[in-house]
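J.: Could you have a look at this structure, given as structure tokens, before my questions?
Residue numbers (the numbering used here): -11 to 339.
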């Protein structure tokens, strides 16, 4: 492809784009998955060993002025992110490289995951990384710049200001474990809306069972999709939905060994804030023991369209519609919200 100025693509830029695409994946998705798996696997006790494998990020809430935060609502709310680390090595969990730091990264996947107070329902709401928002103290910019500007505290502040939803916990996942976990459940079943191909790996259109390598191609694709990043967000959600369906309906969790091995794999790639102790993980899992995949709603924050701010391509959010959605999150009413707006729920065949 030749640019308008007659130059071809910059090889370094293209390689950087590929690395960023890989790391976008389903980082934040798997962070919720570990909670659901821990809840569903009644045969697995969250031992000190498993809990201690989850990396802890210290003091992510400490710098935030409590008076500036939304009121704490019922249920539990997680800010799930994946980072553009530009590194093929794990950046979260106990396998993280010692020099993996948040301040130099941007968050490619941003999701707000809420679990209802009764543990019977949950929602995963994606915020596109290019959403043009106000970042406290920094002015308007893409939301994924908040992590680079001020680490987890500033990203949490930005999301809370945008949503008026109190974030209880912060979770991060890296790319390194995604393919392993997909293969651990025997692959995921996805109805692929549009064929994708990268580095010789083809994901055909139609109903497919994807192995780990194919799943990476599926969730990382952006440029060939009509909706760009918005379509990639939907693919990421579809991958998580398929992941949960496969894990919860297969024999994986009915086998003590299989369940332990899967949770062991997940916990090696997950990082959470240090306020979520091993005991807290166990209590959360117990509270979610009745949650089923059919009761998890997958949504994207409403948008009005895309545009340009300077030389940046951005996504503009629909603030009025967004207020209705976040109010539903705060009042444990997402199932009712989805029932009246079924078109906003993730479709069976995302592109």
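Each residue gets a CB set at the ideal place from its N, CA and C atoms; glycine is no exception.
Since the structure is predicted, the reported quantities are computational estimates derived from the model, not experimental observations.
(1) Between residue 59 and residue 154, is the Cβ-Cβ spacing less than 9 Å?
(2) Would DSSP call residue 211 helix, strand or coil?
(3) What would DSSP say about residue 309, mapped onto helix, strand or coil?
(4) Please report how far the alpha carbon of residue 64 lies from the alpha carbon of residue 253, in whole angstroms.
(5) Helix, strand or coil: how does DSSP classify residue 87 here?
(6) For residue 101, does the three-state DSSP call read helix, strand or coil?
(7) Provide the residue span of the beta strand (DSSP E) that contains residue 196, from first to last.
(8) So, under 8 Å CB-CB, residue 230 and residue 176 are touching, yes? Tell me the CB distance rounded to an integer number of Å.
(9) Using C-beta distances below 8 Å, list every residue in its chain close to residue 249, excluding the 5 sequence neighbours before and after it, in chain order.
(10) Whose CA, out of 131, 116, 117, lies closest to the CA of residue 123?
(11) Quick check: the Cα distance between residue 199 and residue 53, rounded to an integer number of angstroms?
(12) Grab me the residues of residue 38's own chain with a C-beta within less than 7 Å of its C-beta, minus the 5 sequence neighbours each way, in chain order.
(13) Name the one or two DSSP bridge partners that residue 119 has.
(14) Rounded to whole angstroms, what is the Cα-Cα separation between residue 205 and residue 186?
(15) Whole angstroms are fine: how far does the CA of residue 41 sit from the CA of residue 33?
(16) Which residue or residues does DSSP assign as beta-bridge partners of residue 130?
(17) Tell me, which residues are paired with residue 65 by DSSP?
(18) In the DSSP output, which residue or residues are listed as bridge partners for residue 296?
(19) Assign residue 330 to one of two classes, buried (16 or more other C-beta atoms within 10 Å of its C-beta) or exposed (fewer than that).
(20) Is it buried or exposed for residue 28, if we count other Cβ within 10 angstroms and need 16 for buried?
(21) Assuming residue 171 is part of the beta strand (DSSP E), what are its boundary residues?
(22) Between which two residues does the alpha helix (DSSP H) holding residue 322 run?
T.: In terms of the structure at hand:
(1) For the purposes of this step, residue 59 is taken as the residue at position 71 of the chain shown. For the purposes of this step, residue 154 is taken as the residue at position 166 of the chain shown. Contact: yes.
(2) One-based indexing of the chain shown puts residue 211 at position 223. Residue 211: coil per DSSP, three-state reduction.
(3) As a working mapping, residue 309 is identified with position 321 in the chain shown. Residue state, collapsed to three classes: helix.
(4) Locating residue 64 in the chain shown gives position 76, counting from the first residue. Locating residue 253 in the chain shown gives position 265, counting from the first residue. Distance between the alpha carbons of residue 64 and residue 253 is about 24 Å.
(5) Residue numbering aside, residue 87 sits at position 99 when the chain shown is read from its first letter. Here the model assigns residue 87 a pLDDT of 40, short of 50, so the residue's position is not dependable and the matter cannot be decided.
(6) As a working mapping, residue 101 is identified with position 113 in the chain shown. Residue 101: strand per DSSP, three-state reduction.
(7) Locating residue 196 in the chain shown gives position 208, where the first residue counts as 1. Its beta strand (DSSP E) spans residues 194 to 198.
(8) What you label residue 230 is simply residue 242 of the chain shown in a count that begins at 1. What you label residue 176 is simply residue 188 of the chain shown in a count that begins at 1. Right, the Cβ-Cβ distance comes to about 4 Å (below 8 Å), so this counts as a contact.
(9) If you number the chain shown from 1, residue 249 lands on position 261. Cβ neighbours of residue 249 beyond the five flanking positions: 172.
(10) Translated into positions along the chain shown, residue 123 becomes position 135. Of the listed residues, the one whose Cα sits closest to residue 123 is 131.
(11) Your numbering for residue 199 matches position 211 in the chain shown. Your numbering for residue 53 matches position 65 in the chain shown. C-alpha separation (whole angstroms): 45 Å.
(12) Mapped onto the chain shown, residue 38 falls at position 50. Same-chain partners within the cutoff: 251, 252, 255.
(13) Residue mapping note: residue 119 aligns to position 131 of the chain shown, counting from 1. 303.
(14) In the chain shown, residue 205 corresponds to position 217, counting from 1. In the chain shown, residue 186 corresponds to position 198, counting from 1. Approximately 6 Å between the Cα atoms of the pair.
(15) Taking the chain shown and counting its residues from 1, the one referred to as residue 33 is at position 45. Taking the chain shown and counting its residues from 1, the one referred to as residue 41 is at position 53. Note that residue 33 scores 46 on pLDDT, short of 50, meaning its location in the model is unreliable; the coordinates nonetheless yield the value given after this. Approximately 14 Å, taken between the alpha carbons.
(16) Here residue 130 is taken as the residue at index 142 of the chain shown, counted from 1. Looking at the DSSP assignment, residue 130 forms a beta bridge with 120.
(17) The count along the chain shown starts at 1 and reaches residue 65 at position 77. Partner(s): 102.
(18) As a first step, residue 296 is located in the chain shown; it is residue number 308 there, counting from the start. Partner(s): 301.
(19) Within the chain shown, numbered from 1, the residue matching residue 330 stands at position 342. So residue 330 counts as exposed.
(20) Here residue 28 refers to the residue found at position 40 of the chain shown. Confidence at residue 28 is low in this model, with a pLDDT of 45, below 50, so the placement of that residue is unreliable and no value is reported for it.
(21) As a working note, residue 171 is residue 183 in the chain shown. From DSSP, residue 171 is part of no beta strand (DSSP E) but of the alpha helix (DSSP H) over 166 to 172.
(22) One-based indexing of the chain shown puts residue 322 at position 334. First-last of the alpha helix (DSSP H) with residue 322: 322 to 328.
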